[in-house]
Amino acid sequence: VKDGHITILAKNGETFAYDEESVDSITTKTPAKLPEMLSFKFNNKFNDMLMVDAQGEFADPSHISVSVGSIGKRLVASIKTSSDEAEIYVADSLQESKRTSRRFDSPVTYTVALPGWRMLRRNAVTGKYGMHPFGNDYQVTVRYLCDTPTSDYGVPVMRITTDDGTMISSKSTYWNAKVSIDGAGYFPDMEETHMQIKGRGNSSWAGAWGKSPYRI
């Protein structure tokens, strides 16, 4: 501390100067306990394109993976921390659980920090030193199931087969049939199920060989 300024020398030789009045306190000791991320998920309540919640799994204490059945890649995360006072950041941008929307095309690193605490540290991407939120880091990797579809067509497929193998050619008679759904990996599958089906509609009914609506 000199002439009302605080000067810090980084390992790479860079110096950083701050007005003494703008700094509450300085310490070289780590707090006894930093807040932690307890859970991470994408709740379908806050993500219209999700049919079911996608729960994150901890591969290790600082890496989380999530498989998401969503076509859109902008999602809102629901994050639970060990302290209600903890702040959540991506880089230096404050994130709000259940509200902040962001893309997850590539791994995203979250910092669960003590409120108001900053640390002089090197940015892992740029290699430059700067004041950043101080806390525990967690890398989240999202696997979009639509990127690796399991169906032959790359899109969800519904298959309907009549029991006798004939075309559905009437609006008055039900055919016994079976229906199954291949969600292509990003929508729920449905195993082959018994059902009944017949034609429907007035002017929209185009017959067995036309593009016609059906009642199931």
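Each residue of the sequence shown is one higher than the last, beginning at -3 in the numbering used here.
For glycine and all other residues, C-beta sits at the position ideal for the given N, C-alpha and C.
Could you check which residue in D15, L46, N8 has the C-alpha nearest to that of G0? Nearest C-alpha to G0: D15.
The segment 103 to 117 / the segment 125 to 132 touching (three or more Cβ pairs under 8 Å): Contact holds: three or more Cβ-Cβ distances are below 8 Å.
Going by DSSP in three states, L5 sits in which element: helix, strand or coil? L5: strand per DSSP, three-state reduction.
So M33 and Y106 are supposed to be a Cβ contact under 8 Å. How far apart are they, rounded? Rounded, the Cβ-Cβ distance is 7 Å, consistent with contact.
For G68, which residues in the same chain have their Cβ closer than 6 Å to its Cβ, ignoring the five residues on either side in sequence? If we look at G68 and ignore the five residues flanking it on each side, its Cβ neighbours are M45.
If I follow the unbroken beta strand (DSSP E) through P103, where does it start and stop? No residue range can be given for P103, since it is assigned to no beta strand (DSSP E) and is classified by DSSP as neither H nor E.
Let's test the definition: count the other Cβ atoms within 10 Å of the Cβ of Q91 and tell me whether it reaches 16, buried, or not, exposed. Classification of Q91: buried, given that the 10 Å Cβ count is 16 or more.
What does D133 pair with, by DSSP beta-bridge criteria? Answer is T107.
Could you tell me which residues DSSP puts in a beta bridge with K37? For K37, which the question treats as bridged, DSSP gives the partners Q51, S74.
Buried versus exposed, by CB contacts within 10 Å (16 or more), E187: Around the beta carbon of E187, fewer than 16 other beta carbons sit within 10 angstroms, so the residue counts as exposed.
Taking 9 Å as the threshold (C-beta atoms), are C142 and S66 in contact? In contact: S66 and C142 (Cβ atoms closer than 9 Å).
Mapping DSSP to helix, strand and coil, what is D143? Of the three classes helix, strand and coil, the one that applies to D143 here is helix, per DSSP.
Segment contact flag, the segment 70 to 81 with the segment 91 to 105, C-beta cutoff 8 Å, min 3 pairs: Touching, yes.
Please state the DSSP three-state secondary structure of S66. For S66, the three-state secondary structure derived from DSSP is coil.
Where do the N-terminal and C-terminal ends of the beta strand (DSSP E) with G195 fall, by residue? Unbroken beta strand (DSSP E) run through G195: 186 to 195.
Given F54 as reference, the closest of A180, G206, H190, Q135 once Cα atoms are compared: Looking at A180, G206, H190, Q135, the one whose alpha-carbon comes closest to that of F54 is Q135.
Going by the DSSP bridge assignment, what does E83 pair with across the sheet? BP columns for E83 point to A109.
According to DSSP, simplified to helix, strand and coil, what is S89? Here S89 carries a strand assignment [DSSP, helix/strand/coil].
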